[in-house]
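Notes to accompany the following structure.
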Amino acid sequence: MIKAITGTKDILPSDIAKWHYLEKLLRETFHLYNYKEIRTPIFEETALFARGIGEETDIVGKEMYTFKDRSETSLTLKPEMTAPVVRSYIEHSLGAQQPLTKLYYISSMFRQERPQAGRLRQFNQFGAEAIGSKSPLLDAEMIQLAYGILKSLGLKNLTVKINSLGTPETRETYKKLLKKFLEDKKNKLSEDSRRRFDTNILRIFDSKIESDQNIIKDAPKLIEHLDEESKSDFEIVKNQLSKTGIPFQVDPTLVRGLDYYTKLTFEIDSGSVGAQTALCGGGRYDLLIETLGGKPTPATGFAAGVERILLACENEKSFIIPEQSIDVYLIRVDSALETVVADFSSDLRSQNISCDYDYLNRSVKAQMREANKMNAKYVLFIGGDEYKNGMMNLKNMSNGSEEKIPYSNINQLIERIKTNPIS
RNA sequence: GUGAGCGUAGCUCAGUUGGUUAGAGCACCAGGUUGUGGCCCUGGGGGUCGUGGGUUCAAAUCCCAUCGCUCACCCCA
7 MIKAITGTKD ILPSDIAKWH YLEKLLRETF HLYNYKEIRT PIFEETALFA
57 RGIGEETDIV GKEMYTFKDR SETSLTLKPE MTAPVVRSYI EHSLGAQQPL
107 TKLYYISSMF RQERPQAGRL RQFNQFGAEA IGSKSPLLDA EMIQLAYGIL
157 KSLGLKNLTV KINSLGTPET RETYKKLLKK FLEDKKNKLS EDSRRRFDTN
207 ILRIFDSKIE SDQNIIKDAP KLIEHLDEES KSDFEIVKNQ LSKTGIPFQV
257 DPTLVRGLDY YTKLTFEIDS GSVGAQTALC GGGRYDLLIE TLGGKPTPAT
307 GFAAGVERIL LACENEKSFI IPEQSIDVYL IRVDSALETV VADFSSDLRS
357 QNISCDYDYL NRSVKAQMRE ANKMNAKYVL FIGGDEYKNG MMNLKNMSNG
407 SEEKIPYSNI NQLIERIKTN PIS
């Protein structure tokens, strides 16, 4: 038997409803904030991610699905969406049409990691990017937007963490400071952290190893060495969050694994999804556009994991999807009337009435069971004596009542079904 | 890449110290008055016990290998 590739999942009809529910909520919410959808190709030139995300990141270093096409071009299945969106923004000069571009997306991403709870190799993210403004109000809006969506889904167990990484200049100054502090303690650090010392020293804060944490806890904090603008922007974000009633905590160790972040970064965690707690992560990336060849343009955004969110919703039973139903199930009492039933179905469907019937030549009892299983609101019996007298039987499945309707008057039938909805 | 746990019906699982034709619940199909659902009752179909090898008179059960799944580490959504 051929099975789905490791780390990929089928979304079966039995659980598609909650995806639709979420997608509808997303489109409505993004519209509320005036974001427009963008769709980019599933793969890109590898260089886009190498340059955009950063050569030293885990994503680029070991997680990408990279392959060569027949012309030997190196291609990569997108592991995240910010770089492609920025590429598209530059390529089509979206910024020339208006100074601020607000975009959202819902799409599959690919990363070759070992799967576990809340982690897949093909997974879906939704997110937003606002390109063209350095206003911290926009950073606050991102958090508000993401947090609002999670709240709308009924999620409770949420933590919003924020931090500021400052401008590149202050970050460089700070890195030197940190390097100086850690210099003589370097050989006490774990192997991973010693490697980070040279590649990306800030990520040492991410280490979960206790001995590392003991060393790093007395280190100077980036947040205490911010430049004036980063500092005041951070204050504005915090004020704005407080005003909109979003609970948050400042986490000076929140250093995200993508190199392009500047100033504000944030993460929304859930306690309901296993070890992978981050439902959503984002922040400001004022340098990325020029890194990818565009004009220097400030930008901010976030990405959220659909599977993780749905997992949290499932575990918290945060929302309930109503059962699916159809309006009418047509039952043929005489097996000779198959084509009559088919014709009636066409008529009903053309009038926007959802219906179905038995294609397996089963007994009336079997057809009734089927109607019941499909949550049909009505059953229409066709055949027998009524049919000979030009009538058919319409049965209301919630109260069991039946009424006769002339076979020739389909309008009366449609009227009945439409004006007599069962709540 | 590293570590741990688990593979028996479509699903959830039972299966004794190795011992007849491998079971249950749910789901599916048929029937329970000639043309009517849910509840209930009766019957039925469906399994290479993940795969390959080994031990044995005898393997779902013991041993080895292999594949797959799950969870965790790393990191991230």
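So the numbering used here is basically just the index in the first sequence, starting at one, shifted up by 6. Yeah, the Cβ is synthetic: ideal placement off N, Cα and C, and Gly gets one too.
### Query
With DSSP run on the structure shown, which of helix, strand or coil describes ILE207?
helix
### Task
Could you check which residue in LYS223, ILE207, LEU32 has the C-alpha nearest to that of ASP265?
ILE207
### Query
Assuming LEU293 contacts GLU273 under a Cβ cut-off of 8 Å, what Cβ separation, rounded to an integer in Å, is found between them?
Not confirmed; about 20 Å, so no contact.
### Task
Just grab the DSSP bridge partners of ARG5 for me.
Absent from the model: residue 5. The displayed extent of the chain is 7 to 429, so no value can be given.
### Query
Taking GLU62 as the reference, which of LEU386, ARG262, LYS394 has the closest Cα?
When LEU386, ARG262, LYS394 are compared, the shortest CA-CA separation from GLU62 is found for ARG262.
### Query
Would the beta-carbon of VAL457 fall within 9 Å of that of GLN246?
The question about residue 457 has no answer, for the chain in this structure spans 7 to 429.
### Query
Can you tell me where the alpha helix (DSSP H) with ASP349 in it begins and where it stops?
344-356
### Message
Within 10 Å of its beta-carbon, does TYR365 have 16 or more other beta-carbons around it, so buried, or fewer, so exposed?
### Response
exposed
### Query
Can you list, in chain order, the residues of its chain whose CB lies under 8 Å from that of ASP75, leaving out five sequence neighbours each side?
LEU81
### Query
Under 9 Å, do LEU161 and SER278 count as touching if we go by C-beta distance?
With contacts defined as CB atoms closer than 9 Å, LEU161 and SER278 qualify as a contacting pair.
### Query
Apart from the five residues just before and just after ALA309, which ones in its own chain have a Cβ nearer than 8 Å to its Cβ?
Once the five neighbours on either side are set aside, the close Cβ partners of ALA309 are GLU86, MET87, THR88, GLN131, PHE132, GLY133, CYS286, GLY287, GLY288.
### Query
Exposed or buried, what is GLY406 when buried is set at 16 or more other beta-carbons lying within 10 Å of its beta-carbon?
exposed
### Message
Quick check on ALA152: buried or exposed, where buried means 16 or more other Cβ atoms within 10 Å of its Cβ?
### Response
buried
### Rounded separation between ILE420 and GLU344 - CA only
Between the C-alpha atoms of ILE420 and GLU344 there is a straight-line separation of about 20 Å.
### Task
Consult DSSP for ASN130 and reduce its assignment to one of helix, strand or coil.
strand
### Task
With a 10 Å radius around its C-beta and 16 neighbouring C-beta atoms as the bar for buried, classify MET7 as buried or exposed.
exposed
### Query
Helix, strand or coil: how does DSSP classify THR88 here?
helix
### In DSSP terms, what GLN122 is bridged to
ARG125
### Query
Residues in its own chain within less than 8 Å of HIS231 by CB, not counting five upstream and five downstream?
GLY172, THR176, THR179, TYR180, LEU183
### Query
Roughly how many angstroms separate the alpha carbons of ALA23 and GLY60, rounded to a whole number?
For ALA23 and GLY60, the gap between their C-alpha atoms comes out near 37 Å.
### Alpha-carbon spacing of THR283 relative to ASP275, whole angstroms
5 Å
#### Entry: Bridge-paired residues (DSSP) for THR82
In the DSSP output, where bridge partners are listed per residue, THR82 has GLU50, THR72.
### Task
Below 8 Å on the Cβ atoms is my guess for ILE327 versus TYR384; work out the distance and round it to an integer in Å.
Wrong, their Cβ atoms sit about 23 Å apart, outside the cutoff.
### Message
Can you list, in chain order, the residues of its chain with a C-beta nearer than 7 Å to that of LEU83? Leave out the 5 residues immediately preceding and following it.
### Response
Correct list, in chain order: ILE48, PHE49, TYR71, PHE116.
### Message
Rounded to whole angstroms, what is the Cα-Cα separation between VAL243 and ILE229?
### Response
Near 14 Å, if we compare the C-alpha coordinates of ILE229 and VAL243.
### Coarse secondary structure for GLU409, derived from DSSP in three states
strand
### Query
Under a three-way DSSP split, which group does ASP275 fall into?
strand
### Message
For a test of your reading of the model: does the CB of LEU419 fall under 8 Å from any non-hydrogen atom of the ligand GTP? Yes or no.
### Response
As presented, the structure is devoid of all ligands, the ligand GTP included, so that no description of it is given.
### Query
Pick from SER331, LEU316, ASP333, ARG202: whose alpha carbon is nearest that of PHE325?
When each option's Cα is compared against that of PHE325, the closest is LEU316.
### Message
So, for LEU18: in the same chain, excluding its five sequence neighbours on each side, which residues have a beta-carbon less than 6 Å away from its beta-carbon?
### Response
none
### Task
List the whole-angstrom C-beta distance separating TYR335 from TYR363, where the pair is believed to meet the contact cut-off of C-beta under 8 Å.
7 Å
### Query
Is GLY299 buried or exposed, if buried means 16 or more other CB atoms sit within 10 Å of its CB?
exposed
### Query
Which runs of the beta strand (DSSP E) fall wholly inside the segment 130-155 and span at least 3 residues, in chain order?
none
### Query
So what's ARG33 in DSSP terms, helix, strand or just coil?
helix
### Neighbourhood of ILE149 by C-beta distance below 6 Å, restricted to the same chain and skipping five residues each side
PHE272
### Query
In this structure, what does DSSP give as the bridge partners for GLU421?
Paired residues: none, contrary to the question.
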